[in-house]
Amino acid sequence: MQDIILEMRGITKTFPGVKALSDVSIKVQRGEIHALCGENGAGKSTLMKVLSGVYPHGSYDGDIVYEGKTVAFGGIADSEDEGIIIIHQELALVPQLSIAENIFLGNEIAARGIIDWPQVYSTTEALLRKVGLTESSSTHIGKLGVGKQQLVEIAKALSKKVKLLILDEPTAALQENDSQKLLDLLLEFKAQGISSILISHKLNEISRVADTITVIRDGMAVATLDCHNEEISEDRIIRGMVGRDMEHRYPHRTPNIGANLLEVSDWNVWHPESAERQVIRDINLKVAAGEVVGIAGLMGSGRTEFAMSLFGKSYGQNISGTVRLKGEAVDVSTVSKAVANGLAYVTEDRKELGLVLDETILRNTTLANLEGVSTRGVIDDTQERRIAEDYRKALNIRTPSVFQKVMNLSGGNQQKVVLSKWLFTQPDVLILDEPTRGIDVGAKFEIYSIINQLADEGKGVIVISSEMPELLGICDRIYVMNEGAFLGELAAAEASQEKIMSMIVTA
Amino acid sequence: MEQAKPLSETGPEPQAKLSVGAYLANHLRDYGMLLALVVIMVLFEFLTDGTLMRPVNLTNLFLQNSYIIIMAIGMLLVIVAGHIDLSVGSVVGFIGALAAVMMVEWNMPPILVVPICLAVGFLIGAAQGYWIAYWKIPSFIVTLAGMLVFRGLTLALLEGQSVGPFPKNFQLLSTGFVPDLFGGGKPNVTAILLGVIAATAIVMLAARSRSRAMKFGIEDEPFSFFVAKNALVAAAIIFISYLLATYRGLPNVLITMAVLISAYTFLTNSTTIGRRIYALGGNEKAAKLSGINTERLTFLTFANMGMLAALAGLIFAARLNTATPKGGVAFELDVIAAVFIGGASMSGGVGKIIGAVVGAFIMGVMNNGMSILGIGIDWQQVIKGLVLLAAVIFDVYNKNKSR
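Protein sequences, first through last, are from chains A and B. So the number in my numbering is just where the residue sits in the first sequence, counting from 1, plus 1308. So the number in my numbering is just where the residue sits in the second sequence, counting from 1, plus 45.
Okay, here's the thing in structure tokens:
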């Protein structure tokens, strides 16, 4: 007997230059837990945004059939009216407001604009009991932990008469027992006839609760697995997620690995706001001259935190451990000292952390090494222009002049400006954090070529990436990271996506 | 220099030659306020039947606005760095009071009092900057507190009374004129000569920077526009110095202002410190991750502001020849308005010294012109408020259009 609550047929969604989803179809039965699996950037979240109306009808191709009718959502409000509620990875709660105020935010129980507080509080209390929270409805959200906040989000969904609940990595930030509670709650909803779509990386959780699994890779639904008819092994899911074929998207390089350049030992970092939370545990890392080393791991595994704590203590507190460059212990306690000692860090978020968007290419290029274009504090315009022009040509930044503001450049060109900035500091070791995020395939190839060139020049390169094929394609050695610690390292020759994935999911 | 080899060579695309009109349309933001200043001056010259540009009034105009302009220079740096300083008006009053107490009551010589007051101003700015830079307390709050504290201290120092008059040589700081070195006759030859020298220097600097820019093929300013602009600027400077020469010559404060404007224009345009202040205001996180000591830079920006506010306080007190408890009240508003009229951005990272100076002159000419016309202080406030709003709307409109 089939009772389909939702069917998405042939969904195709294109962004300028990128096909995010191509011809994806999924079916969700009433009262089932349907898991969506896939790597970061595979298209899971995009698919859910299409469903919930974040990308309105008309901006994609294909049909959504919900409760037997073809629907055309113009926005989130439309899908919520139909009982489709999405809970995002980043919680949308206001910390300064109470639980009750948050639950009914934008959906207040009110007559002519005057809120009926007794009604609000009693309804909230009832909802909280349903999700197993014992807090008072007037408790401020800021006082709750992430796990309980997640439950408040679910209570909020219940208040909107949810029929189809979508959870985007709900357990990513949760402790083990909180995760269990949440999954139990999903099973309870299932018994009540509420369907759920669960996006998760944690395969043990998925195999525990899911009835059906759809695996998405590169914007395509590559497999649909029925958990009741066949025994689903984690290997089977991983194989689906990473795919078999590795395309030739990476320029060739013959590694010429020299002496050790950078050695980090026993690196420990605690969370900047809560001193008892350890973010990085006992990391040991080595990079040799001419070597490209990757750090693999899921989002939130602590890769960026590690890199930033290393680079001038830009993240965290109580940082301990030693850093050696070319065998000598060096002080990297401030950014300028780290730079002076030959370290460079190309940030993950180039707009927020890497560039001054309102300034020109020229001024961004020289920002980290103004000493290099000035004498006694006075900038030599001619020299600065020459250097910016040199980097523009060398890195093939496509723009008529270096006096273009960087906000007008494409993602790939912006990334090259950030690279120019750090290359001009003449570093020995470069840490590249998600160097190809949000840039097109052609520009990616150019970035890989630049990385190869840097390695050939005898620099050490550390690449942090969520795209495993990328790491496999360009690295000589890969560290696998999870929950703030290195799980192990793999030589490029022996590494595979399956191995990395299984290291992470079985950790 | 090590770097990656080029993957393919693409030279700069040749830029199409622009007509003067198209060029102006593209750079409306740069020249808009200067144009507005000229229009306002012509308007008031006409409305006041020529009183505005009379040598005596012109001299007054400079004297009246010197302290606002000096503070606008410091405030520009503060605002470019992404902050605000509300305390400058109170600091003006406080330093005036301090100077008065030292000179009038303790009979200290001005030669000692001036540097002490500047140092105290620096320390006041540093004290506020410390909390803003190292404790990350919003500058609005710290300097609001400073505004109250130093107004209170002004009252306390003066015990609610006006203190004066000052020694003659201290008054020269504000009311003195550069003596005519070539016979004391009218017109003042030195004044004209200095005007001609300043005009020549500006034209030569402009020509040099243009020729350098041409070498890189990045100059899009039409030659005719370049010539016209510089001829106008030079003519204006020489004309104004001639007008001043027919009265009493160049006021000392004009020289002080000119030196400060040149020095800070150089600082913002050509030094690493200036560049870093813009980066700090444009994107503090990126600046910090580029190895810039953003805390120290913020701290110094406020210390500098304090020192310039102290200088303004001295000049203001010298001009009135007395320190009053109300001295400097609401100056911060004129200063901040001048900076925003001059094109600085509230969010930081954008703004020019010369813009702030033009902004201060726009306010000053309007104040002066409306006073001559006998418009009451009530309507003056209304009109000034609307001009500020219009200037910022004009700026935002231009910015949106260019996107």
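Virtual Cβ for every residue (Gly too), placed ideally from N, Cα, C.
| query | result |
| --- | --- |
| Quick one: list the residues of chain B neighbouring A/Ser-1622, beta-carbon separation under 7 Å, in chain order. | Leu-334 |
| Report yes if the C-beta distance between A/Glu-1742 and A/Glu-1656 is below 8 Å; otherwise report no. | yes |
| Mapping DSSP to helix, strand and coil, what is A/Lys-1352? | helix |
| Which residue spans inside the stretch 1555-1606 of chain A form an unbroken beta strand (DSSP E) run of at least 3? | 1568-1578, 1586-1596, 1600-1604 |
| Thinking B/Phe-91 and B/Val-410 are a contact (beta carbons under 8 Å), I'd like their distance in whole angstroms, please. | About 13 Å separates the two Cβ atoms, so there is no contact after all. |
| Which runs of the alpha helix (DSSP H), 4 residues or longer, sit entirely within the stretch 1753-1810 of chain A? | 1776-1782 |
| Determine which residues of the stretch 1623-1644 of chain A have a Cβ less than 7 Å from any Cβ of chain B, and write them out in chain order. | Val-1643, Ser-1644 |
| May I ask you to check if the CB of A/Asp-1526 is nearer than 7 Å to at least one heavy atom of the ligand FMN? | No copy of the ligand FMN occurs in the structure displayed, which carries no ligand at all. |
| Does the beta-carbon of B/Leu-345 have 16 or more other beta-carbons within 10 angstroms, so that it is buried, or is it exposed? | buried |
| Indicate whether the contact test is met: 3 or more Cβ pairs, each with one atom in the stretch 1406-1426 of chain A and one in the stretch 1478-1496 of chain A, closer than 8 Å. | no |
| What do you reckon, are the CB atoms on A/Ile-1540 and A/Val-1577 nearer than 8 Å? | no |
| Note the first and the last residue of the continuous beta strand (DSSP E) segment covering A/Tyr-1823. | The requested residue 1823 of chain A does not occur in the structure, where chain A is confined to residues 1309 to 1815. |
| At the 8 Å Cβ level, is B/Gly-127 part of the contact set with chain A, yes or no? | no |
| So, with DSSP's three-state summary, where would you put B/Gly-326? | helix |
| Going straight from the alpha carbon of B/Ala-81 to that of B/Ile-407, what length do you get? | 8 Å |
| Among the candidates B/Ile-438, B/Ala-201, B/Glu-377, B/Val-402, whose CA atom is the shortest distance from the CA of B/Met-192? | B/Glu-377 |
| Between A/Ser-1728 and A/Gly-1376, what straight-line distance do the alpha-carbon atoms span, to the nearest angstrom? | 55 Å |
| Quick check on the burial criterion: 16 or more other C-beta atoms within 10 angstroms. Buried or exposed for A/Arg-1700? | buried |
| Measuring straight from C-alpha to C-alpha, what distance separates B/Val-304 and B/Ala-246? | 13 Å |
| Under 8 Å by Cβ, that's how I've got A/Glu-1477 and A/Ile-1505 pegged, so tell me the actual separation to the nearest angstrom. | About 12 Å separates the two Cβ atoms, so there is no contact after all. |
| Reducing DSSP to helix, strand and coil, say where A/Lys-1510 ends up. | coil |
| I need the straight-line Cα distance from B/Ala-354 to A/Ala-1597, nearest angstrom please. | 54 Å |
| Three-state secondary structure (DSSP) at A/Leu-1528? | The question names Leu, but residue 1528 of chain A in the sequence shown is Met. Note: A/Met-1528 maps to strand in three-state DSSP. |
| Give the straight-line distance between the Cα atoms of A/Val-1677 and B/Lys-330, rounded to the nearest whole angstrom. | Correcting the residue identity first, residue 1677 of chain A is Asn in this sequence and not Val. Each residue's alpha carbon lies about 16 Å from the other. |
| Which runs of the alpha helix (DSSP H) fall wholly inside the stretch 234-282 of chain B and span at least 4 residues, in chain order? | 234-260 |
| Output needed in chain order: residues of the stretch 320-348 of chain B with a Cβ under 8 Å from some Cβ in chain A. | Arg-320, Arg-321, Tyr-323, Ala-324, Gly-327, Asn-328, Lys-330, Ala-331, Ala-332, Lys-333, Leu-334, Ser-335, Gly-336, Ile-337, Asn-338 |
| With distance defined between alpha-carbon atoms, name the residue in B/Ser-307, B/Tyr-287, B/Gly-240, B/Val-136 nearest to B/Ala-375. | B/Val-136 |
| Could you tell me whether the Cβ of B/Ile-318 comes closer than 8 Å to any Cβ of chain A? | yes |
| Taking the beta carbon of B/Ser-392 as the centre, do at least 16 other beta carbons fall within 10 Å, making it buried, or is it exposed? | exposed |
| Would you give the residue range spanned by the beta strand (DSSP E) that A/Lys-1321 belongs to? | 1312-1323 |
| Can you tell me whether A/Asp-1492 is helix, strand or coil according to DSSP? | helix |
| Select from the stretch 376-399 of chain B all residues with a C-beta closer than 7 Å to any C-beta belonging to chain A, and list them in chain order. | Gly-394, Val-395 |
| In chain E, which residues lie less than 9 Å from A/Val-1647 when you measure between Cβ atoms? | Absent from the structure: chain E. Protein chains present are A and B. |
| If you scan the stretch 1701-1725 of chain A from start to end, which runs of the alpha helix (DSSP H) of 4 or more residues do you find wholly inside it? | none |
| Could you tell me which residues DSSP puts in a beta bridge with A/Tyr-1374? | A/Leu-1314, A/Lys-1377 |
| Going along the chain, which residues of the stretch 353-367 of chain B sit with their C-beta nearer than 9 Å to a C-beta in chain A? | none |
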